[in-house]
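**Student:** For the sequence shown, the working numbering gives the first residue as 273, with consecutive numbering after it.
Here you go, one structure.
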Amino acid sequence: MFRNKTPSGAPKEDFPYWLVAAAGIAVFLLFQIATDDIYSQVMSTVSRGIGLTVFVTLVAFFCASLIGLLLALASLSGSIVLRQMARFYVEIVRGMPIIVLLLYIAFVATPLFIAGVNAIVEPLGLDPLRTRDFPLLWRAVLALTIGYSAFIAEVFRAGIQAVDKGQIEAAEALGMNGWLRFRLIIFPQALKTILPPLGNDFVALIKDSSLVSVLGVADITQLGKVYAAGSFRYFETYNVVALIYLMMTITLSLALRKFERAKQIQER
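See the structure below:
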């Protein structure tokens, strides 16, 4: 029922047979890519979207983290107005599927925003904006940013609340203002709690970045869809697409687990 334990008392980790099986499948598919003309052609086509997928993920995650931190601070603010505004944002956005949010931002919010801007600039004699001036790529990045900022806000909030209140009170007694307390006492300690779930959100964002293909953005998934539709090679195409995503997400997940394990060892 219980796993064996190491001499230090920590649970003994199972041998990662699942990883061996996954590596075997990956090696087989990589061999197919190297030796089979169809697989190699699919890989050549689909791999052109890797850069865009990474770009969308990094930009959206960076922006979502900044907004999430501000939302977390607002939700812990002494102002009821800020707390309720932050809670409204988080609950509404978290309650919406990412793909629905993506379509809403792309085809509802963006045209409304541009119409509002034009209502201001046109009476001033300035050139009006057009909806096509806001590329679908940036609409997708904006949607992912908004969607993930709500989840990341909860991660930051939980991490900040996990900091020992005694240390915060001690910092207050030393005369530190709110910014110094946050920068020197609260955030460095909260970061230890925040990093693992934040890393998980980053991995999840890599997977959800595939949703930008519904807007025709030329990421890995979109290029795979276009190639498969033109060649009818669905089996080979989606094997390659799945392989690329799995190699990115599993590699990152393993790196995060190793980092977390190393951090736990240092804390003992």
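By construction, the Cβ of each residue, glycine as well, lies at the ideal position given by its N, Cα and C atoms.
All values reported here derive from a predicted model rather than from experimental measurement.
Indicate the three-state DSSP secondary structure (helix, strand or coil) for residue 320 in the structure shown.
**Tutor:** Here the question's residue 320 lines up with position 48 in the sequence shown. Residue 320 falls in the helix class under three-state DSSP.
**Student:** If I measure Cβ to Cβ from residue 312 and keep anything under 6 Å in the same chain, skipping five residues before and after, which residues do I get?
**Tutor:** Here residue 312 corresponds to residue number 40 of the sequence shown, with the count starting at 1. Closer than 6 Å at the Cβ level, and outside the excluded window around residue 312, lie 305.
**Student:** Can you list the alpha helix (DSSP H) stretches of 4 or more residues lying completely in the segment 284-316, in chain order?
**Tutor:** Within the segment 284-316, the complete alpha helix (DSSP H) runs of at least 4 residues are 289-307.
**Student:** My parser needs the beta strand (DSSP E) runs of 3 or more residues fully inside the segment 352-388; what are they?
**Tutor:** You should have found no qualifying run.
**Student:** Let's test the definition: count the other Cβ atoms within 10 Å of the Cβ of residue 289 and tell me whether it reaches 16, buried, or not, exposed.
**Tutor:** Walking along the sequence shown from the start, residue 289 turns up at place 17. Per the 10 Å Cβ criterion, exposed.
**Student:** Suppose you measure from the CA of residue 328 to the CA of residue 462; what does that come to, to the nearest Å?
**Tutor:** For the purposes of this step, residue 328 is taken as residue 56 along the sequence shown, with counting starting at 1. For the purposes of this step, residue 462 is taken as residue 190 along the sequence shown, with counting starting at 1. So the two alpha carbons sit approximately 27 Å from each other.
**Student:** Rounded to whole angstroms, what's the CA-CA distance from residue 371 to residue 365? Just pull it up for me.
**Tutor:** Translated into the one-based positions of the sequence shown, residue 371 becomes position 99. Translated into the one-based positions of the sequence shown, residue 365 becomes position 93. Roughly 12 Å separates the two Cα atoms.
**Student:** Going by DSSP, what residue range makes up the alpha helix (DSSP H) through residue 411?
**Tutor:** Start at 1 with the first residue of the sequence shown, and residue 411 comes out as number 139. Note, residue 411: alpha helix (DSSP H), 408-433.
**Student:** What does the alpha-carbon distance come out to for the pair residue 326 and residue 454?
**Tutor:** Position 54 of the sequence shown holds residue 326. Position 182 of the sequence shown holds residue 454. Their backbone Cα atoms lie some 31 Å apart in a straight line.
**Student:** Give a yes or no on whether the C-beta atoms belonging to residue 374 and residue 515 are separated by under 9 Å.
**Tutor:** Locating residue 374 in the sequence shown gives position 102, counting from the first residue. Locating residue 515 in the sequence shown gives position 243, counting from the first residue. No, they are not a contact pair.
**Student:** Pick from 466, 317 and 426: whose alpha carbon is nearest that of residue 359?
**Tutor:** Taking the first residue of the sequence shown as 1, we reach residue 359 at position 87. Out of 466, 317 and 426, 426 has the C-alpha closest to the C-alpha of residue 359.
**Student:** Return the chain-ordered list of same chain residues with a C-beta closer than 8 Å to the C-beta of residue 495, the five sequence neighbours on each side being excluded.
**Tutor:** Residue mapping note: residue 495 aligns to position 223 of the sequence shown, counting from 1. So the list reads 317, 318, 320 and 321, once near-sequence residues are dropped.
**Student:** Could you tell me the distance, in whole angstroms, from the CA atom of residue 399 to the CA atom of residue 386?
**Tutor:** Residue mapping note: residue 399 aligns to position 127 of the sequence shown, counting from 1. Residue mapping note: residue 386 aligns to position 114 of the sequence shown, counting from 1. Using only the alpha carbons, I get a separation of about 12 Å.
**Student:** What's the gap between the Cα of residue 376 and the Cα of residue 485?
**Tutor:** As a position in the sequence shown, residue 376 is number 104, starting the count at 1. As a position in the sequence shown, residue 485 is number 213, starting the count at 1. Going from the Cα of residue 376 to the Cα of residue 485 covers about 15 Å.
**Student:** Going by beta carbon distance, what residues of the same chain come within less than 6 Å of residue 481, once the five residues before and after it are set aside?
**Tutor:** As a first step, residue 481 is located in the sequence shown; it is residue number 209 there, counting from the start. Around residue 481: 325, 328 and 329.
**Student:** For residue 344 versus residue 474, is the C-beta spacing smaller than 9 Å?
**Tutor:** The count along the sequence shown starts at 1 and reaches residue 344 at position 72. The count along the sequence shown starts at 1 and reaches residue 474 at position 202. No, the pair does not count as a contact, with Cβ atoms beyond the cut-off.
**Student:** Please state whether DSSP places residue 453 in a helix, a strand or coil.
**Tutor:** Taking the first residue of the sequence shown as position 1, residue 453 is located at position 181. If DSSP states are grouped into helix, strand and coil, residue 453 belongs with the helices.
**Student:** Since residue 417 and residue 403 should fall inside the 8 Å C-beta cutoff, what is the C-beta to C-beta distance between them, to a whole number of angstroms?
**Tutor:** The count along the sequence shown starts at 1 and reaches residue 417 at position 145. The count along the sequence shown starts at 1 and reaches residue 403 at position 131. Residue 417 to residue 403, Cβ: 19 Å. No contact.
**Student:** If I measure Cβ to Cβ from residue 389 and keep anything under 6 Å in the same chain, skipping five residues before and after, which residues do I get?
**Tutor:** Taking the first residue of the sequence shown as 1, we reach residue 389 at position 117. So the qualifying residues of the chain are 401.
**Student:** Give the single residue among 468, 491 and 490 whose Cα lies nearest to the Cα of residue 534.
**Tutor:** For the purposes of this step, residue 534 is taken as residue 262 along the sequence shown, with counting starting at 1. The residue with the shortest Cα to Cα distance from residue 534 is 468.
**Student:** Could you tell me the alpha carbon to alpha carbon distance between residue 339 and residue 421, rounded to whole angstroms?
**Tutor:** Position 67 of the sequence shown, counting from 1, holds the residue named residue 339. Position 149 of the sequence shown, counting from 1, holds the residue named residue 421. Between residue 339 and residue 421, the C-alpha separation is close to 6 Å.
**Student:** For residue 435, which residues in the same chain have their Cβ closer than 7 Å to its Cβ, ignoring the five residues on either side in sequence?
**Tutor:** For the purposes of this step, residue 435 is taken as the residue at position 163 of the sequence shown. Hits under 7 Å: 458, 461 and 462.
**Student:** Since I believe residue 424 is in contact with residue 470 (beta carbons under 8 Å), could you give me their beta-carbon distance rounded to a whole number of angstroms?
**Tutor:** By one-based count along the sequence shown, residue 470 stands at place 198. By one-based count along the sequence shown, residue 424 stands at place 152. Confirmed, Cβ separation roughly 7 Å.
**Student:** Residue 408 and residue 489 look like a contact to me (Cβ under 8 Å); what is the Cβ gap, rounded to whole Å?
**Tutor:** The sequence position of residue 408 within the sequence shown is 136, counting from 1. The sequence position of residue 489 within the sequence shown is 217, counting from 1. Indeed, because the Cβ distance is near 6 Å, the residues count as touching under 8 Å.
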